[in-house]
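S.K.: Questions regarding the structure given below will be posed in turn.
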Amino acid sequence: MTNSLNVAPAMVVETPTKRAPSALLRGLFQNPAATIGATLLVLIILVAVLAPYLGTLDPTAIDPASRNALPGSVSTLDNGVGGERSYTHWMGTDSLGRDIYSRVLYGGRVSLIVGLSVATLSLGFGLLIGLVAGYVRWVDAVVMRIMDGLMAIPSILLAIALVSLSSAGLGNVVVAITIPEIPRVVRLVRAIVLSARQEPYVEAAISVGTRTPMILFRHILPNTIAPLIVQGTYVFGSAILLEAILSFLGAGTPPEHPTWGNIIADGRALFRIYPHTLLFPGIFLALTVLGVNLLGDQLRDTLDPRLAKRI
Amino acid sequence: MAAFVIRRILATIPVLGMVAVIVFLILRLTPGDPATLLAGDNATLAQIEEIRRHLGLDRSIVVQFVSWIGHLLRGDFGESFFFKMPVAALIADRIQPTLSLALMTLIFTIVIAVPMGVIAANRRGTWVDHAVMTFSVGGFSIPVFVLGYLLIYVFAIRLNWFPVQGFKSFDAGIRPFLSHLLLPSLTLSVVYIALVARIARASVIEVLNEDYIRTAYSKGLTNRVVLTQHALRNAAIPIVTVIGMGVALLIGGAVVIESVYNIPGLGRLTVDAVLSRDYPTIQAMVLLFSFIYVMINMLVDLSYAVLDPRIRY
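Set out below in structure tokens:
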């Protein structure tokens with residue numbers, strides 16, 4: 085091999101391309117998949133936030149007179165001031181006469197809250213643990229053994245085992261879904277820290293006597309942001325899915341709570357005759373996760389091209 | 003090579019040990035007292051005390067852990083609170099449906115996903131490729147229980163091609179066995195296929211850029227031979243790896259799918275145990291599934307040396 089060939093790679097040192105956030109966004113939405121994903125998510129968020137204004141009824145109100153009504157059927161309800169008012173059940177009613185349209189819309193709130201809380205908590209804890217583990221050797225040895233153990237337990241199993249310990253409530257469900265997600269974040273952050281601490285600017289910071297917390301948060305942490313955003317989208321999606329699975333299995337929030345999983349669980353018994361009780365929450369759930377996945381894939385390709393190449 | 007195999011087998015011990023510690027602590031964190039729970043509502047304090055001594059709960063936590071591990075190693079998973087029988091016997095009763103479901107899903111996945119990925123890579127950028135990638139994103143997004151009910155509704159209720167739910171043991175004849183198993187395995191394999199096809203496509207694309215692929219084409223080999231014998235062979239390691247990692251999806255999916263299709267397997271047992279707070283059974287199931295997952299990934303690692311003779315340990 086000639087000398088010039090040996091030298092050549094050094095001349096084309098890849099400089100990390102610094103692009104303005106607006107340029108990144110433009111790049112992101114050049115792809116129709118990202119646009120579709122973002123649109124789906126915005127719609128779901130709007131529907132969830134505006135649920136009280138979208139002609140919904142009380143999602144937990146039971147109406148024995150109109151059980152298992154088909155989509156589009158009309159029932160009359162007491163309007164509270166002595167008169168009656170008729171309502172159209174756009175998506176029918178369930179086995180207790182609750183309006184599925186209202187339950188699906190309010191269910192969106194639960195799903196989004198769970199997705200957001202799990203993503204925030206697992207990224208927060210994962211980042212903190214990963215930063216320390218990547219930088220402090222003895223912590224690394226201990227923490228990574230624990231993480232390996234946690235990762236060896238399939239996440240659905242770990243989550244339902246954790247839920248079985250406590251009374252079913254939204255908070256406990258969030259914790260049970262967060263714990264299996266944390267090791268994946270820790271592994272990601274740790275890997276980034278390990279490679280960043282070899283960088284000249286970190287060595288320079290150490291040599292001028294910068295204190296460790298400062299090095300971690302000022303110099304190393306920024307490297308983790310782009311991969312964490314990508315990871316966060318996937319955690320958000322899988323948390324929504326896992327919450328629905330827990331509710332569906334009867335191990336999630338109490339059955340009267342309007343969550344997509346609970347609505348589907350309620351419709352199971354009679355789904356041969358009334359498939360609509362499963363259909364509508366199922367569609368909303370699938371579209372939400374689809375939106376997250378489409379957006380996540382494009383975010384990964386835009387923000388983290390190295391990862392994109394590997395997958 | 004032998005040294006590598008032994009090292010890799012030994013490496014699973016700390017992981018499994020940690021899993022055991024976590025699973026043990028999960029039971030210890032139970033807010034209620036297992037002895038009180040087991041004794042029922044009408045028990046006297048003396049009876050509860052007796053059960054506590056019987057379970058060894060009056061001893062220190064370290065002693066309990068060591069004795070628990072000792073029992074595990076002898077195949078004793080304890081006694082189910084709910085079924086009042088040894089958990090090991092429960093597992094033996096329920097293993098056939100889950101094993102059949104898992105194997106059939108694995109077969110579907112490999113037979114469908116690998117060719118899908120190879121063809122998509124070969125026709126990169128064409129409509130075939132787009133179709134495979136769309137299927138992949140869709141397969142990831144549709145929740146397994148929603149898909150399950152959708153397939154039951156269309157193929158079992160509307161078209162009447164398959165029995166609606168349930169499971170028939172292999173002893174009942176091959177036809178009823180397969181007809182009950184086909185729909186659940188297909189449902190379960192969709193997300194798995196989505197995962198494997200995507201990785202297969204990506205790794206074949208990467209291999210297709212290699213010089214030896216150009217050489218293979220230039221010496222006049224057909225596209226088919228180049229793809230299957232040169233490209234796929236060299237792309238095998240990431241594909242096998244993702245199949246191994248996907249076993250976690252398979253296990254989680256089995257827990258859900260057995261509830262959807264009313265299959266009396268280990269997944270269903272796990273859910274029932276969670277709903278009835280049957281802690282010994284929950285503990286055993288989490289341990290068993292994690293053990294299987296760790297073992298499969300160990301086998302995947304060992305297979306690297308077979309798949310790629312350049313890998314020497």
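Heads up: the sequence lines are chains A and B, in that order.
Here my numbering is used: the first residue of the first sequence is 85, the next is one more, and so on.
Here my numbering is used: the first residue of the second sequence is 3, the next is one more, and so on.
Each residue gets a CB set at the ideal place from its N, CA and C atoms; glycine is no exception.
Here the structure is a predicted model, which means the values were calculated and not measured.
Closer than 8 angstroms, CB to CB, is Ser239 of chain A near chain B or not?
M.R.: Counting from one through the first sequence, the residue named residue 239 of chain A turns up at place 155. Yes, because at least one Cβ of chain B sits closer than 8 angstroms to the Cβ of Ser239 of chain A.
S.K.: Please confirm if the region 202 to 212 of chain A is in contact with the region 264 to 282 of chain A, defined as three or more CB-CB distances below 8 angstroms between the two stretches.
M.R.: Per the Cβ contact rule, the region 202 to 212 of chain A is in contact with the region 264 to 282 of chain A (3 or more Cβ pairs under 8 angstroms).
S.K.: Spatial neighbours of Ala289 of chain A within its chain, please: CB distance less than 6 angstroms, with the 5 preceding and 5 following residues excluded, ordered by chain position.
M.R.: Along the first sequence, read from residue 1 onward, the residue named residue 289 of chain A stands at position 205. For Ala289 of chain A, where only same-chain residues beyond five positions count, the Cβ hits under 6 angstroms are Ile299 and His303.
S.K.: In the structure shown, what three-state DSSP assignment does Val158 of chain A receive?
M.R.: Taking the first sequence and counting its residues from 1, the one referred to as residue 158 of chain A is at position 74. Here DSSP, grouped into helix, strand and coil, assigns Val158 of chain A to strand.
S.K.: Met20 of chain B versus chain A: which residues are under 7 angstroms apart at the beta carbon?
M.R.: Within the second sequence, the letter at position 18 stands for residue 20 of chain B. Ordered by position in chain A, the residues that pass the 7 angstroms Cβ test against Met20 of chain B are Arg229, Ile230, Asp232 and Gly233.
S.K.: Starting from the Cα of Asp147 of chain A, find the closest Cα among A:Leu254, A:Leu180 and A:Gly253 and give me that residue.
M.R.: Here residue 147 of chain A corresponds to residue number 63 of the first sequence, with the count starting at 1. Nearest C-alpha to Asp147 of chain A: A:Leu180.
S.K.: Would you mind sorting Gly127 of chain B into buried or exposed? The rule is 16 or more other CB atoms within 10 Å of its CB.
M.R.: As a first step, residue 127 of chain B must be located in the second sequence, where it is residue number 125. Exposed, because fewer than 16 other Cβ atoms sit within 10 Å of the Cβ of Gly127 of chain B.
S.K.: Could you check if Thr230 of chain B belongs to the surroundings of the ligand HEM, using beta carbon to heavy atom distance under 7 angstroms?
M.R.: Judged by which ligands are present, the structure shown has none, so any question about the ligand HEM falls away.
S.K.: Is there contact here, the region 272 to 280 of chain B with the region 81 to 96 of chain B, by at least three beta-carbon pairs under 8 angstroms?
M.R.: yes
S.K.: Let me confirm a value: Asn346 of chain A is counted as buried when at least 16 other C-beta atoms fall within 10 Å, else exposed. Which label applies?
M.R.: Here residue 346 of chain A corresponds to residue number 262 of the first sequence, with the count starting at 1. It counts as buried.
S.K.: Tell me which residues of the region 354 to 387 of chain A have at least one Cβ-Cβ distance to chain B shorter than 9 angstroms, keeping chain order.
M.R.: Phe355, Arg356, Pro359, Leu362, Leu363, Pro365, Gly366, Ile367, Leu369, Ala370, Leu371, Thr372, Val373, Leu374, Gly375, Val376, Asn377, Leu378 and Asp381
S.K.: How is Glu283 of chain A classed by DSSP in three states: helix, strand or coil?
M.R.: If you number the first sequence from 1, residue 283 of chain A lands on position 199. DSSP places Glu283 of chain A in coil when its eight states are reduced to three.
S.K.: Taking C-beta to C-beta, are Val146 of chain B and Thr189 of chain B nearer than 8 angstroms?
M.R.: As a first step, residue 146 of chain B must be located in the second sequence, where it is residue number 144. As a first step, residue 189 of chain B must be located in the second sequence, where it is residue number 187. Yes. Within cutoff.
S.K.: State yes or no: is the C-beta of Ala245 of chain A within less than 8 angstroms of the C-beta of Gly336 of chain A?
M.R.: As a first step, residue 245 of chain A must be located in the first sequence, where it is residue number 161. As a first step, residue 336 of chain A must be located in the first sequence, where it is residue number 252. Not closer than 8 angstroms, so no.
S.K.: Please compile the residues from chain A whose C-beta is within a distance smaller than 8 angstroms of the C-beta of Phe326 of chain B.
M.R.: As shown, chain B starts at 3 and ends at 315. That puts residue 326 of chain B outside it, with no answer to give.
S.K.: Does Val134 of chain B come within less than 8 angstroms of chain A when only Cβ atoms are used?
M.R.: Translated into positions along the second sequence, residue 134 of chain B becomes position 132. Judged by the 8 angstroms Cβ criterion, Val134 of chain B is not in contact with chain A.
S.K.: Note down the Cα distance separating Leu305 of chain A from Arg125 of chain B, rounded to an integer number of angstroms.
M.R.: The sequence position of residue 305 of chain A within the first sequence is 221, counting from 1. The sequence position of residue 125 of chain B within the second sequence is 123, counting from 1. Cα-Cα distance, rounded: 41 angstroms.
S.K.: What is the DSSP secondary structure of Thr172 of chain A, counted as helix, strand or coil?
M.R.: Locating residue 172 of chain A in the first sequence gives position 88, counting from the first residue. Note: Thr172 of chain A maps to strand in three-state DSSP.
S.K.: Starting from Gly267 of chain B, find everything on chain A with Cβ-Cβ shorter than 9 angstroms and list it in chain order.
M.R.: Within the second sequence, the letter at position 265 stands for residue 267 of chain B. Simply none; closest approach about 14 angstroms.
S.K.: Are the C-beta atoms of Thr333 of chain B and some chain A residue less than 8 angstroms apart?
M.R.: Because chain B in this structure spans residues 3 to 315, residue 333 of chain B falls outside the shown range and cannot be described.
S.K.: Val258 of chain A to Tyr318 of chain A, Cα distance in whole Å?
M.R.: Counting from one through the first sequence, the residue named residue 258 of chain A turns up at place 174. Counting from one through the first sequence, the residue named residue 318 of chain A turns up at place 234. Those two C-alpha atoms are separated by around 16 angstroms.
S.K.: Restricting to Cα atoms, I'd like to know which of A:Gly380, A:Arg384, A:Leu379 and A:Ala328 is closest to Ile367 of chain A.
M.R.: Residue 367 of chain A sits at position 283 when you count from the first residue of the first sequence. Ranking A:Gly380, A:Arg384, A:Leu379 and A:Ala328 by Cα distance to Ile367 of chain A puts A:Ala328 first.
S.K.: Exposed or buried, Pro359 of chain A, counting other C-beta atoms within 10 Å across all chains shown (16 or more means buried)?
M.R.: For the purposes of this step, residue 359 of chain A is identified with residue 275 of the first sequence, where counting begins at 1. It counts as buried.
S.K.: Leu211 of chain A and Val269 of chain A look like a contact to me (Cβ under 8 angstroms); what is the Cβ gap, rounded to whole Å?
M.R.: Here residue 211 of chain A corresponds to residue number 127 of the first sequence, with the count starting at 1. Here residue 269 of chain A corresponds to residue number 185 of the first sequence, with the count starting at 1. Confirmed, about 7 angstroms.
S.K.: Compare the Cα-Cα distances from Gln231 of chain B to each of B:Asp78, B:Leu309 and B:Leu47 and report the closest residue.
M.R.: For this step, residue 231 of chain B is matched to residue 229 along the second sequence. Here the closest residue by C-alpha is B:Leu309.
S.K.: Taking 8 angstroms as the CB-CB limit, is Ser248 of chain A close to chain B?
M.R.: As a working note, residue 248 of chain A is residue 164 in the first sequence. True, the Cβ-Cβ gap to chain B drops below 8 angstroms.
S.K.: Have a look at Leu193 of chain B and Ser305 of chain B and give me their C-alpha separation to the nearest angstrom.
M.R.: Against the second sequence, residue 193 of chain B aligns to sequence position 191. Against the second sequence, residue 305 of chain B aligns to sequence position 303. It should be noted that the sequence gives Val, not Leu, for residue 193 of chain B. Counting only the Cα atoms, Ser305 of chain B lies some 24 angstroms from Val193 of chain B.
S.K.: Measure from the alpha carbon of Ala286 of chain B to the alpha carbon of each residue in B:Leu12, B:Ile8, B:Leu29 and B:Arg9, then state which is nearest.
M.R.: Within the second sequence, numbered from 1, the residue matching residue 286 of chain B stands at position 284. Of the listed residues, the one whose Cα sits closest to Ala286 of chain B is B:Leu29.
S.K.: Kindly indicate which residue of A:Leu196, A:Pro136 and A:Ile184 has the alpha-carbon position closest to the one of Leu371 of chain A.
M.R.: As a position in the first sequence, residue 371 of chain A is number 287, starting the count at 1. Minimum Cα distance to Leu371 of chain A is reached at A:Leu196.
S.K.: When DSSP labels each residue in this structure, what does Glu327 of chain A get in the three-state scheme?
M.R.: Locating residue 327 of chain A in the first sequence gives position 243, counting from the first residue. Helix, per DSSP.
S.K.: Taking the Cβ atom as the reference point for each residue, do Leu369 of chain A and Val148 of chain B lie within a distance shorter than 8 angstroms?
M.R.: Indexing the first sequence from 1 puts residue 369 of chain A at position 285. Indexing the second sequence from 1 puts residue 148 of chain B at position 146. In this structure, Val148 of chain B lies closer than 8 angstroms to Leu369 of chain A by Cβ.
S.K.: Specify the secondary structure class of Asp381 of chain A as computed by DSSP and reduced to three states.
M.R.: Sequence index remark: in the first sequence, residue 381 of chain A carries index 297 (1-based). If DSSP states are grouped into helix, strand and coil, Asp381 of chain A belongs with the helices.
S.K.: Determine the extent of the alpha helix (DSSP H) in which Gln98 of chain B is found, giving its start and end residues.
M.R.: To locate residue 98 of chain B, count along the second sequence from 1; it is residue 96. First-last of the alpha helix (DSSP H) with Gln98 of chain B: Val89 to Asn124.
S.K.: Find the residues of chain B that neighbour Phe332 of chain A, judging by a C-beta separation of less than 8 angstroms, and give them in chain order.
M.R.: Within the first sequence, residue 332 of chain A is the residue found at index 248, counting from 1. In chain order: Phe147, Val258 and Ser261.
S.K.: Between the region 315 to 326 of chain A and chain B, which residues of the former have CB atoms less than 7 angstroms from a CB of the latter, in chain order?
M.R.: Leu325
S.K.: For Pro100 of chain A, collect the residues of the same chain with a Cβ closer than 6 angstroms to its Cβ; drop the 5 residues on either side in sequence, then sort them by chain order.
M.R.: Position 16 of the first sequence, counting from 1, holds the residue named residue 100 of chain A. Per-residue confidence for Pro100 of chain A stands at a pLDDT of 46, beneath the threshold of 50, marking its modelled position as unreliable; the derived number appears in the next sentence. Answer for Pro100 of chain A: no residue qualifies.
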